[in-house]
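I have placed the structure first, in the form of structure tokens, so that the comments after it can refer back to it.
Numbering (the numbering used here), first residue to last: 22 to 163.
Listed below in structure tokens is the structure:
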């Protein structure tokens, strides 16, 4: 929050982008939102600002038609969700995460995305085994 005197030139917060009562005419703008993200790199004192509009025209109906960066980020988010119980993952398991991340590696000059795919494989191998579909039919209990 910010407190400043009316008419002061010392205000730091920009005016609202979407003020109430101002309705844009349909078709003139497909802007759904505007993202402002400020961050610092480790060890630096100066922050950087990224500003970008979120446009309705950028929405895709199918994950496979989205960018490599978006699909890879979705795989990372799915892995994070799995570490917290996977409540929102539905049927997505490690194999699907690996397939998604592997298909979205794109340009990976430092090998960080490849390393993430290896991490997913390791997590899959260390996770509790799910019973196979025919396991119950063939297994016997002593």
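Quick reminder that beta carbons are idealized off the backbone N, C-alpha and C, glycines included. Only a predicted model underlies this, so the values are computations on that prediction, with no experimental measurement involved.
What residue range is occupied by the uninterrupted alpha helix (DSSP H) comprising residue 133?
Translated into positions along the chain shown, residue 133 becomes position 112. Residue 133 -> alpha helix (DSSP H) spans 133-147.
Between which two residues does the alpha helix (DSSP H) containing residue 37 stretch?
On the chain shown, residue 37 is found 16 positions in, with the first residue counted as 1. Element bounds for residue 37: n/a, residue is neither H nor E.
Alpha helix (DSSP H) segment containing residue 117, residue limits:
Numbered from 1 along the chain shown, position 96 holds the residue referred to as residue 117. From DSSP, the alpha helix (DSSP H) with residue 117 extends over 115-124.
Short check: CB of residue 135 to CB of residue 96, under 7 Å?
Here the question's residue 135 lines up with position 114 in the chain shown. Here the question's residue 96 lines up with position 75 in the chain shown. It is not a contact, given that the beta carbons lie outside the stated cut-off.
What first and last residue would you give for the beta strand (DSSP E) that runs through residue 76?
Numbered from its first residue, the chain shown carries residue 76 at position 55. Looking at the DSSP string, the run of the beta strand (DSSP E) that includes residue 76 is 69-76.
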